[in-house]
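Add 193 to a position in the sequence shown, counting from 1, and you land on the number used in our numbering.
For glycine and all other residues, C-beta sits at the position ideal for the given N, C-alpha and C.
Values in this document were obtained by computation on a predicted structure and should not be read as measured data.
See below for the structure under consideration.
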Amino acid sequence: MKIINSNILKALFGTSISLICFIVFFNKIEDLGAVAESIFSVNLFILLIGFIIYFFSIYFRTLRWNLIFKHNIKIDFLPLTRIVISGYMFNNLIPARLGELARLYHFNLVKKVDKSYLFGTILVERITDVVALFIFIAFGIFFIPENLLTNLANELGTSTNLIYVFLYFLGFSIFIFIFLQIEKVRNKFLKFIPKFGFINKKLDSIIDSFFKGLFTLEKNKIINILILAIIVWVIEFSMFFIVETQINLKVNNIFLAILFFGVFANLSGIIPSTSGGWGPFELIGTIVLVSFGADRESAAAFTIIVHLILWLPISLIGLLCFLFDLRKKAL
């Protein structure tokens, strides 16, 4: 009951965050008609091409997750791909990243594994996503418009310093995570994890399995996994460029604009929100593009379109993947 109540609270909190972001997002738009006109003017064939490009990244996401746990779990690539796709569907439909728990359930329909260990590997997957995004930030740090973080702070009703603190905290957390992959350091860290055997030995087993999944990377794995993470984002950002040909954001440097749009809009996924990250993605993505010189209506239309491409088709395909394995299990 406590777990159910906790999940309900997370969902309510995430939904509240999304509503606040949407209120700010729509309040800043002066001409909603222009936004709608831009959205409906996009060629459907271009949308299809955009989705096909994005869907190609699923192959590399599956490859990366398999590389993370392949020495401990053996599973065929095709069913694993179905699980990855359904995982995105669950996260698109269930608030506050609770879809990751549903991904564990789908995995266990196909193959029984330790859920705590598996959850640790999912966390590794998410962390490497963020690491790759920070690599993109490092690549373009000297080209960020001076007004980008100021605009972001003003429109979010916060201070620039707070955004810097958030980015520094993420960067520091990434450094700690990578540092803990060193076996000697990791072993010393794990000695400080409290044991609960005097209360429940099973709890100790769950905690141990989780950390085994979280610290599963080996030296020769880390680089390969990061390369795969970078490839995933490059493919997704390529889809953004395809869509931009229809919207024409009219910015001075479209490459950097799309790069930082992709980075910050996806980092907004860290913010607890409703299913699919709706709200933070639109608000932050639009602010980034406006900071590069795009007009707000075009930026808003672009953000909504790419989010629909990321959200709708994969949700439908993911549902079919889940139902396929659910039915297969029932037979």
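Check	Outcome
Kindly indicate which three-state DSSP category residue 472 falls into: helix, strand or coil?	coil
Residue range of the alpha helix (DSSP H) that residue 259 falls in?	237-262
On a CA-only basis, which of 460, 521, 435 and 353 is nearest residue 243? Give me that one, please.	435
Counting only the same chain and skipping the five closest in sequence on each side, list residues whose C-beta sits under 6 Å from that of residue 280.	296
In whole angstroms, what is the alpha-carbon distance linking residue 486 and residue 476?	16 Å
I need the DSSP call for residue 396, collapsed to helix, strand or coil.	Reliability of the predicted coordinates at residue 396 is poor, the pLDDT of 49 falling under 50, and the value obtained from them is presented with this limitation in mind. If DSSP states are grouped into helix, strand and coil, residue 396 belongs with the helices.
What does the Cβ neighbour count give for residue 234, buried or exposed, with the cut at 16 atoms within 10 Å?	exposed
Alpha carbons only, please: which of 425, 496, 497 and 481 is nearest the one belonging to residue 446?	481
Could you pull out every residue in the same chain whose Cβ sits closer than 7 Å to the Cβ of residue 508, ignoring the five residues on either side in sequence?	282, 285 and 286
Around the Cβ of residue 246, are there at least 16 other Cβ atoms within 10 angstroms (buried) or fewer (exposed)?	buried
Please name the residue, chosen from 223, 312, 432 and 454, that lies closest to residue 333 on a Cα-to-Cα basis.	454
Let's see if you can read the secondary structure: which residues bound the alpha helix (DSSP H) around residue 443?	Premise fails: residue 443 is in no alpha helix (DSSP H) and is neither H nor E.
Is DSSP giving residue 487 helix, strand or coil here?	coil
Taking only three categories from DSSP, how would you classify residue 521?	helix
Leaving aside the five residues before and after residue 521 along the sequence, list all residues of the same chain whose C-beta is less than 6 Å from its C-beta, in chain order.	none
Kindly indicate the opening and closing residues of the alpha helix (DSSP H) around residue 308.	308-333
Rounded to a whole number of angstroms, what is the C-alpha to C-alpha distance between residue 361 and residue 415?	22 Å
Sort 214, 252 and 218 by Cα distance to residue 490 and report the nearest one.	218
Cutting at 8 Å between CB atoms, please list the residues of its own chain near residue 306, excluding the five before and the five after it.	266 and 300
Residues in the same chain with beta-carbon distance under 6 Å from residue 212, minus the five sequence neighbours each way, listed in chain order, please.	none
Whose CA, out of 369, 368, 366 and 341, lies closest to the CA of residue 356?	341
For residue 229, is the classification buried or exposed, using 16 other Cβ atoms within 10 angstroms of its Cβ as the cut-off for buried?	exposed
Buried or exposed, going by whether 16 or more other CB atoms sit within 10 Å of the CB of residue 321?	buried
Taking residue 326 as the reference, which of 444, 419 and 251 has the closest Cα?	419
For the putative contact between residue 208 and residue 288, defined by C-beta atoms under 8 Å, what is the C-beta separation to the nearest angstrom?	6 Å
Using the C-alpha atoms, what's the distance from residue 478 back to residue 366?	24 Å
Name the residue from 278, 238 and 239 whose alpha carbon lies nearest to the alpha carbon of residue 255.	278
Put residue 340 into one of helix, strand or coil per three-state DSSP.	helix
Based on Cα-Cα distance, which residue from 251, 221 and 206 lies nearest to residue 421?	251
Can you find the residues in the same chain that come closer than 6 Å, C-beta to C-beta, to residue 492, ignoring five residues on each side of it along the sequence?	479, 482 and 483
Ignore the nearest five residues each way along the sequence and tell me which others in residue 462's own chain have a CB closer than 6 Å to its CB.	470
With DSSP run on the structure shown, which of helix, strand or coil describes residue 351?	coil
For residue 234, which of helix, strand or coil comes out of DSSP?	coil
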